[in-house]
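Q:
2 protein chains.
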Amino acid sequence: MVNKLRKIGFSKLTSLEDALEKLFSQIPLNPIEEIDVRKSINRVLACDIVCDIDLPPFDRSAMDGFAIKAEDSFNASPKTPKKIKLVGTIEIGESSNLKLNKGEGIKISTGAPIPEGADAVIKIEDSEIKEKSINIYVSLPPGKNISKKGEDIKKGTPVLSKGTDLKAEHIALLASLGFNKIEVRTKPKISIFSSGDELLEPGEALQPGRIYNSNTPMISALVNLYGGTVIRGETVKDDKDAIKNRLLEAAGNSQVIIFTGGTSVGTKDYLPEIINESGMVLTHGIAMRPGAPVLIGFVENVLIFCLPGTPVAAYVSFLKITGPAIRKILGCSVLDPRVEILATIKSDVPVSGLGFLHYLRVKVEKKENIFLAVPVKLKGSGVISSLTSSDGIIEILPHQEGLKKGDFVLVKLHPE
Amino acid sequence: MVNKLRKIGFSKLTSLEDALEKLFSQIPLNPIEEIDVRKSINRVLACDIVCDIDLPPFDRSAMDGFAIKAEDSFNASPKTPKKIKLVGTIEIGESSNLKLNKGEGIKISTGAPIPEGADAVIKIEDSEIKEKSINIYVSLPPGKNISKKGEDIKKGTPVLSKGTDLKAEHIALLASLGFNKIEVRTKPKISIFSSGDELLEPGEALQPGRIYNSNTPMISALVNLYGGTVIRGETVKDDKDAIKNRLLEAAGNSQVIIFTGGTSVGTKDYLPEIINESGMVLTHGIAMRPGAPVLIGFVENVLIFCLPGTPVAAYVSFLKITGPAIRKILGCSVLDPRVEILATIKSDVPVSGLGFLHYLRVKVEKKENIFLAVPVKLKGSGVISSLTSSDGIIEILPHQEGLKKGDFVLVKLHPE
Numbered sequence: 005m006v007n008k009l010r011k012i013g014f015s016k017l018t019s020l021e022d023a024l025e026k027l028f029s030q031i032p033l034n035p036i037e038e039i040d041v042r043k044s045i046n047r048v049l050a051c052d053i054v055c056d057i058d059l060p061p062f063d064r065s066a067m068d069g070f071a072i073k074a075e076d077s078f079n080a081s082p083k084t085p086k087k088i089k090l091v092g093t094i095e096i097g098e099s100s101n102l103k104l105n106k107g108e109g110i111k112i113s114t115g116a117p118i119p120e121g122a123d124a125v126i127k128i129e130d131s132e133i134k135e136k137s138i139n140i141y142v143s144l145p146p147g148k149n150i151s152k153k154g155e156d157i158k159k160g161t162p163v164l165s166k167g168t169d170l171k172a173e174h175i176a177l178l179a180s181l182g183f184n185k186i187e188v189r190t191k192p193k194i195s196i197f198s199s200g201d202e203l204l205e206p207g208e209a210l211q212p213g214r215i216y217n218s219n220t221p222m223i224s225a226l227v228n229l230y231g232g233t234v235i236r237g238e239t240v241k242d243d244k245d246a247i248k249n250r251l252l253e254a255a256g257n258s259q260v261i262i263f264t265g266g267t268s269v270g271t272k273d274y275l276p277e278i279i280n281e282s283g284m285v286l287t288h289g290i291a292m293r294p295g296a297p298v299l300i301g302f303v304e305n306v307l308i309f310c311l312p313g314t315p316v317a318a319y320v321s322f323l324k325i326t327g328p329a330i331r332k333i334l335g336c337s338v339l340d341p342r343v344e345i346l347a348t349i350k351s352d353v354p355v356s357g358l359g360f361l362h363y364l365r366v367k368v369e370k371k372e373n374i375f376l377a378v379p380v381k382l383k384g385s386g387v388i389s390s391l392t393s394s395d396g397i398i399e400i401l402p403h404q405e406g407l408k409k410g411d412f413v414l415v416k417l418h419p420e
Numbered sequence: 005m006v007n008k009l010r011k012i013g014f015s016k017l018t019s020l021e022d023a024l025e026k027l028f029s030q031i032p033l034n035p036i037e038e039i040d041v042r043k044s045i046n047r048v049l050a051c052d053i054v055c056d057i058d059l060p061p062f063d064r065s066a067m068d069g070f071a072i073k074a075e076d077s078f079n080a081s082p083k084t085p086k087k088i089k090l091v092g093t094i095e096i097g098e099s100s101n102l103k104l105n106k107g108e109g110i111k112i113s114t115g116a117p118i119p120e121g122a123d124a125v126i127k128i129e130d131s132e133i134k135e136k137s138i139n140i141y142v143s144l145p146p147g148k149n150i151s152k153k154g155e156d157i158k159k160g161t162p163v164l165s166k167g168t169d170l171k172a173e174h175i176a177l178l179a180s181l182g183f184n185k186i187e188v189r190t191k192p193k194i195s196i197f198s199s200g201d202e203l204l205e206p207g208e209a210l211q212p213g214r215i216y217n218s219n220t221p222m223i224s225a226l227v228n229l230y231g232g233t234v235i236r237g238e239t240v241k242d243d244k245d246a247i248k249n250r251l252l253e254a255a256g257n258s259q260v261i262i263f264t265g266g267t268s269v270g271t272k273d274y275l276p277e278i279i280n281e282s283g284m285v286l287t288h289g290i291a292m293r294p295g296a297p298v299l300i301g302f303v304e305n306v307l308i309f310c311l312p313g314t315p316v317a318a319y320v321s322f323l324k325i326t327g328p329a330i331r332k333i334l335g336c337s338v339l340d341p342r343v344e345i346l347a348t349i350k351s352d353v354p355v356s357g358l359g360f361l362h363y364l365r366v367k368v369e370k371k372e373n374i375f376l377a378v379p380v381k382l383k384g385s386g387v388i389s390s391l392t393s394s395d396g397i398i399e400i401l402p403h404q405e406g407l408k409k410g411d412f413v414l415v416k417l418h419p420e
């Protein structure tokens, strides 16, 4: 381990687990705001929801047909129909005072309230109407074709927990319970900077020795996906004063500041120094690959993440550290929202650095009743095409010497 | 089958496959617009992307260290170091005219361009600087610690295909290639109506015989997720003229109109009639459960979907029919974007209607090296809680008599 440490230039590396524990213990929840349920997609519920009505709110018909007393249908068959009297109609949405007596039937639509006295609904197809009487061709048990009040959800039942990511189906549930407003946590405001003298903005002409900045657009997309609001996204020159000024300026109106680049131990890696001077370094150097140079700190209560400048390392460390921190601020109950699938690995994967978490990009192929995880050819942590040509990432634990062909692995799919 | 048809009141049911084939053959692609790459998250690429630069654009250093001629390091070891002369520095982002000769070294940062004449980089940790000379402690092969021009992606390589859903990693790739604008298909404008006299808006006081409208909020959320723009979302009374007026009005500025409710064969199900009068019914009645009453049609070139009023049926038929149609308009290469996972089913699932596709809501549990799909207790297609308490949906094919405990199944996870 000592040798490894020397090689990457850090005096000490923290395990990811310890770094996250320390980080999460210092993250306060954002305040609550009330928003329109219809605009709550992808927001995070801030309170538990208890059903305060019965669902359905009344006994209702599950079919188009006739509300009857089940006993009036007993022993009915196509050959021996029972005859009852049609005494009225109840339409959907109606609150009816109609009362049903023995020997009577009331025409009823799917979803309409069951009249007092009725305990079953005979379907149109199982009956026949002749002037003012109804022929019943099927014998029904009591309760048949009736959705009972509270059958779906009883009043008082807890239905959603705080910390839930609101999707279409949760919005439907909240709406069906009559909610038009809902409490969620406010979105954290986030500034993003990429530092590097080599960086050009997309759209500029390519110059010798320069490359295009892809980290700001990528991290911005990820921040949005993880529930933050990007208020600023820029590149900064590798100049200590320039970086410090931007940092302090952004600290004035951001809750989180994300840097990519300038966080390692090269001559122009000023960020560790700046954060030490202006605030506090919580962790610098994490035993993960890619992602080792990550720095986590605070400046004036603003959370600072310095991610590596190489795009894949920035991507992986966002997914493992910054993204979960944003979701912690939002009160999410699941901090890593990625979908996991089980697969078997298609080939041996040796790893060289024991003591490090390793993140392996894989493509997922379906073969009959199994998913195969196929390692994507790796050329370095700068290669963005290894992300676009992969479906997800496998974590290899620090004590694992690698993976053997056929091993079961959990693939965390790239977030969508 | 005849008996089944009679029971649900349709004279003829179409297979989902046939309905989709007919539908998709009539859907034109939306026009192309050019947008900022940074705002392209979740949009759909409208053209193939070929890399028109080499990535990296120049030979660059993969380490902080010294650019050297590899031959100057041959046979070097900590005990037998080789000594060369320090002749300059190349910073990152610099375009340098420095030329390296045998016996010389140039200080170089990660990402900086390799000077002419150099063919390897010795890491800082494997060397030592003494005034104007460098001690080399390791023997390097030519090419060591150099990322060659075009190593990640060669100029002219196809990198992304039209129809790709743009995620963070695609945005990073496009930015790294210098793109600031990108071609995508315009989003279809979509109007949503829920019909039913029983419907109350969330926030209103509950009244006898009435229920809250959950379909408009749910379908709106799904439309956004699938790439459409909701321009209108309302409830309509079960009144033929009212429904017809809204439909014709919305047809003036929508590309797609979605109704929920009013599409079956009850007395107040006016939609089939209205669409027959004002346009063309493509399909009415599909052999799927839930979802059988779905109607697909056109009014003045506007695509009309009438989905069932029961929320789960509306949800499932959106995922299987309306959602893929929206993605067809957008030119997506994958029409159903849901993530699939393999699981084994935890208990027998009998199905009653052969000839129908059946959709089963399941919860997914991880057990050691397997995912278990646990059927969610079903009470009917109106029960929204069966969606919020499930993770995905299994499709049971028309010829399958059901599932046996332990069968392998594909679970399509609810879209996020």
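For the protein sequence lines, the chains are A and B, in the order given. Residue numbering for the first sequence follows my numbering, beginning at 5 and increasing consecutively. Residue numbering for the second sequence follows my numbering, beginning at 5 and increasing consecutively. Quick reminder that beta carbons are idealized off the backbone N, C-alpha and C, glycines included.
(1) Along chain A, which residues have their Cβ under 9 Å away from the Cβ of residue 319 of chain B?
(2) Am I right that residue 291 of chain B and residue 17 of chain B are in contact with their C-beta atoms under 8 Å? What's the rounded C-beta distance?
(3) Mind listing which residues of the region 221-237 of chain B have their C-beta closer than 7 Å to chain A's C-betas, in chain order?
(4) I believe residue 110 of chain B touches residue 104 of chain B by the beta-carbon criterion, under 8 Å. Please report the beta-carbon distance rounded to the nearest angstrom.
(5) Looking at the strands, I want to know which residues DSSP matches up with residue 117 of chain A.
(6) How many angstroms separate the CA atom of residue 228 of chain B from the CA atom of residue 362 of chain B?
(7) Could you work out which residue in A:122, A:233 and A:72 is closest to residue 333 of chain A when comparing CA atoms only?
(8) Using only the heavy atoms of the ligand PLP, determine whether one of them is closer than 8 Å to the beta carbon of residue 82 of chain A.
(9) What does DSSP give as the partner residues of residue 214 of chain A in its beta bridges?
(10) In whole angstroms, what separates the C-alpha of residue 265 of chain B from that of residue 300 of chain B?
(11) State buried or exposed for residue 192 of chain A, treating a residue as buried only when at least 16 other CB atoms are found within 10 Å of its CB.
(12) Could you tell me whether any Cβ in chain A is nearer than 9 Å to the Cβ of residue 404 of chain B?
(13) Short of 9 Å Cβ to Cβ, which residues in the region 369-381 of chain A face chain B?
(14) Is the beta carbon of residue 222 of chain A less than 9 Å from the beta carbon of residue 296 of chain A?
(15) According to the neighbour-count rule (16 or more other Cβ atoms, all chains shown, within 10 Å of its Cβ), is residue 124 of chain B buried or exposed?
(16) Specify the secondary structure class of residue 242 of chain A as computed by DSSP and reduced to three states.
(17) For residue 423 of chain B, I'd like the list of residues in its chain whose CB is within less than 7 Å of its CB, leaving aside the five on either flank, ordered along the chain.
(18) I'd like the list of long-range same chain contacts for residue 321 of chain B, defined as Cβ closer than 6 Å, with 5 residues on each side in sequence excluded.
(19) Is it right to say residue 130 of chain A is buried, meaning 16 or more other beta carbons lie within 10 angstroms of its own, or is it exposed?
(20) Would residue 115 of chain A pass as a contact of residue 102 of chain A if the rule is Cβ separation under 9 Å?
(21) Within the continuous beta strand (DSSP E) that includes residue 131 of chain B, where are the two ends?
(22) By how many angstroms is the C-alpha of residue 67 of chain A removed from the C-alpha of residue 12 of chain B?
(23) In the structure shown, what three-state DSSP assignment does residue 325 of chain B receive?
(24) Could you tell me the distance, in whole angstroms, from the CA atom of residue 60 of chain B to the CA atom of residue 31 of chain A?
(25) Determine whether the Cβ of residue 259 of chain B lies closer than 9 Å to any Cβ atom of chain E.
(26) CA-CA distance, residue 284 of chain B and residue 303 of chain B?
(27) Taking C-beta pairs closer than 8 Å, name the residues in chain B that residue 144 of chain A reaches, listed in chain order.
(28) Can you tell me whether residue 258 of chain A is helix, strand or coil according to DSSP?
(29) Do the region 130-145 of chain B and the region 83-90 of chain B touch if we need at least three Cβ pairs shorter than 8 Å?
(30) If you count every other CB in all the chains shown that lies within 10 Å of the CB of residue 78 of chain B, and 16 or more means buried, which is it?
(31) Just the chain A side, please: which residues come within less than 7 Å of residue 98 of chain B by C-beta, in chain order?
(32) Rounded to whole angstroms, what is the Cα-Cα separation between residue 359 of chain A and residue 276 of chain A?
(33) Ends of the alpha helix (DSSP H) at residue 175 of chain A?
(34) Run through DSSP, which three-state label would residue 398 of chain B get?
(35) For residue 282 of chain B, does the three-state DSSP call read helix, strand or coil?
(36) Is residue 220 of chain B helix, strand or coil by DSSP?
A: Short version:
(1) Mapped onto the second sequence, residue 319 of chain B falls at position 315. By Cβ distance, chain A contributes 172, 173 and 176.
(2) The sequence position of residue 291 of chain B within the second sequence is 287, counting from 1. The sequence position of residue 17 of chain B within the second sequence is 13, counting from 1. Rounded, the Cβ-Cβ distance is 4 Å, consistent with contact.
(3) 221, 222, 224, 225, 226, 228 and 229
(4) Here residue 110 of chain B refers to the residue found at position 106 when the second sequence is read from its first residue. Here residue 104 of chain B refers to the residue found at position 100 when the second sequence is read from its first residue. At roughly 6 Å, the Cβ-Cβ gap stays under 8 Å, so residue 110 of chain B and residue 104 of chain B are in contact.
(5) For the purposes of this step, residue 117 of chain A is taken as the residue at position 113 of the first sequence. Per DSSP, A:64.
(6) Looking up residue 228 of chain B in the second sequence gives position 224. Looking up residue 362 of chain B in the second sequence gives position 358. Each residue's alpha carbon lies about 26 Å from the other.
(7) What you label residue 333 of chain A is simply residue 329 of the first sequence in a count that begins at 1. For the residues A:122, A:233 and A:72, the minimum Cα distance to residue 333 of chain A belongs to A:233.
(8) The model on display carries no ligand, and the ligand PLP is accordingly not part of it.
(9) As a working mapping, residue 214 of chain A is identified with position 210 in the first sequence. BP columns for residue 214 of chain A are empty, so no partner.
(10) Taking the second sequence and counting its residues from 1, one reaches residue 265 of chain B at position 261. Taking the second sequence and counting its residues from 1, one reaches residue 300 of chain B at position 296. If I take the Cα positions, the gap works out to 13 Å.
(11) Along the first sequence, read from residue 1 onward, the residue named residue 192 of chain A stands at position 188. So residue 192 of chain A ends up on the buried side.
(12) For the purposes of this step, residue 404 of chain B is identified with residue 400 of the second sequence, where counting begins at 1. No, its Cβ sits nowhere closer than 9 Å to a Cβ of chain A.
(13) 370, 372, 373, 374 and 375
(14) Residue mapping note: residue 222 of chain A aligns to position 218 of the first sequence, counting from 1. Residue mapping note: residue 296 of chain A aligns to position 292 of the first sequence, counting from 1. Not closer than 9 Å, so no.
(15) As a working note, residue 124 of chain B is residue 120 in the second sequence. That one is buried.
(16) The residue you call residue 242 of chain A lines up with position 238 of the first sequence. Residue 242 of chain A falls in the coil class under three-state DSSP.
(17) Summary: the structure shown does not reach residue 423 of chain B, with chain B confined to residues 5 through 420, and so no result is reported for it.
(18) The count along the second sequence starts at 1 and reaches residue 321 of chain B at position 317. Here the set comprises 295, 298 and 311.
(19) Within the first sequence, the letter at position 126 stands for residue 130 of chain A. Residue 130 of chain A should be labelled buried.
(20) Mapped onto the first sequence, residue 115 of chain A falls at position 111. Mapped onto the first sequence, residue 102 of chain A falls at position 98. Not in contact: residue 115 of chain A and residue 102 of chain A (Cβ atoms no closer than 9 Å).
(21) Here residue 131 of chain B refers to the residue found at position 127 when the second sequence is read from its first residue. Taken as a continuous stretch (DSSP letters only), the beta strand (DSSP E) holding residue 131 of chain B covers 131-134.
(22) As a position in the second sequence, residue 12 of chain B is number 8, starting the count at 1. As a position in the first sequence, residue 67 of chain A is number 63, starting the count at 1. Caution is warranted here: a pLDDT of 46 is assigned to residue 12 of chain B, below 50, making its placement in the model unreliable, and no coordinate value can be reported.
(23) Counted from its first residue, the second sequence places residue 325 of chain B at position 321. Helix, per DSSP.
(24) Walking along the second sequence from the start, residue 60 of chain B turns up at place 56. Walking along the first sequence from the start, residue 31 of chain A turns up at place 27. Whole-angstrom Cα-Cα distance: 38 Å.
(25) Of the chains in the structure shown, none is chain E; the protein chains are A and B.
(26) For this step, residue 284 of chain B is matched to residue 280 along the second sequence. For this step, residue 303 of chain B is matched to residue 299 along the second sequence. Straight-line Cα distance between these residues: approximately 6 Å.
(27) Position 140 of the first sequence, counting from 1, holds the residue named residue 144 of chain A. Simply none; closest approach about 15 Å.
(28) Working through the first sequence from its first residue, we reach residue 258 of chain A at position 254. Three-state DSSP puts residue 258 of chain A in coil, outside helix and strand.
(29) yes
(30) Here residue 78 of chain B refers to the residue found at position 74 of the second sequence. So residue 78 of chain B ends up on the exposed side.
(31) Sequence index remark: in the second sequence, residue 98 of chain B carries index 94 (1-based). Under the 7 Å cutoff, chain A gives 213.
(32) Residue mapping note: residue 359 of chain A aligns to position 355 of the first sequence, counting from 1. Residue mapping note: residue 276 of chain A aligns to position 272 of the first sequence, counting from 1. Whole-angstrom Cα-Cα distance: 24 Å.
(33) The count along the first sequence starts at 1 and reaches residue 175 of chain A at position 171. Per DSSP, residue 175 of chain A belongs to the alpha helix (DSSP H) from 172-180.
(34) Taking the second sequence and counting its residues from 1, the one referred to as residue 398 of chain B is at position 394. The answer is strand: DSSP assigns residue 398 of chain B an E or B state.
(35) What you label residue 282 of chain B is simply residue 278 of the second sequence in a count that begins at 1. Of the three classes helix, strand and coil, the one that applies to residue 282 of chain B here is helix, per DSSP.
(36) In the second sequence, the residue the question calls residue 220 of chain B occupies position 216. Note: residue 220 of chain B maps to helix in three-state DSSP.
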